[in-house]
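Some notes on the structure that comes next.
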Amino acid sequence: SFANQALVLEWLARDGAGLSRGVHPVPEAIDRRVAALKLESLGMKVQELTPEQRAYLSGWKSGTE
2 SFANQALVLE WLARDGAGLS RGVHPVPEAI DRRVAALKLE SLGMKVQELT PEQRAYLSGW
62 KSGTE
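Using the numbering used here, the first residue of the sequence shown is number 2, and each one after it goes up by one.
This is how it looks when you write it as structure tokens:
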């Protein structure tokens with residue numbers, strides 16, 4: 002998205018001098034910021050996972066029993 006591109010350019014101008022030549026992934030903090038801003042514009046927000054949700058996501062048994 003344009004927001005990712007703009008924020009990555011800002012990040013590169015500020016912190017990119019030490020990067021090696023090549024293709025680098027978008028920093029996770031920028032991805033999360035763009036996602037949070039988009040959700041905020043829709044009147045939504047990212048919620049923390051409950052302990053039950055964390056257990057479900059980290060397990061393999063659900064749906065196999």
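Using N, Cα and C, we set each Cβ at its ideal position, and we do this for glycine too.
Contact belief for residue i with residue j at Cβ below 8 Å, rounded distance in angstroms
{"i": "Asn5", "j": "Val24", "result": "So it is not a contact: roughly 15 Å between Cβ atoms."}
{"i": "Val47", "j": "Leu40", "result": "6 Å"}
For residue i, three-class secondary structure by DSSP
{"i": "Val9", "result": "helix"}
{"i": "Ser2", "result": "coil"}
{"i": "Ser59", "result": "helix"}
{"i": "Asp41", "result": "For the record, residue 41 in the displayed sequence is Glu; it is not Asp. Three-state result, Glu41: helix."}
Cβ-based burial, residue i [other Cβ within 10 Å; buried from 16]
{"i": "Val35", "result": "buried"}
{"i": "Val20", "result": "Reading the sequence as shown, one finds Leu at residue 20 and not Val. So Leu20 ends up on the exposed side."}
{"i": "Leu58", "result": "exposed"}
{"i": "Arg8", "result": "The sequence given here places Leu at residue 8; Arg does not occur at that position. The residue in question, Leu8, is buried, as its Cβ has 16 or more Cβ neighbours within 10 Å."}
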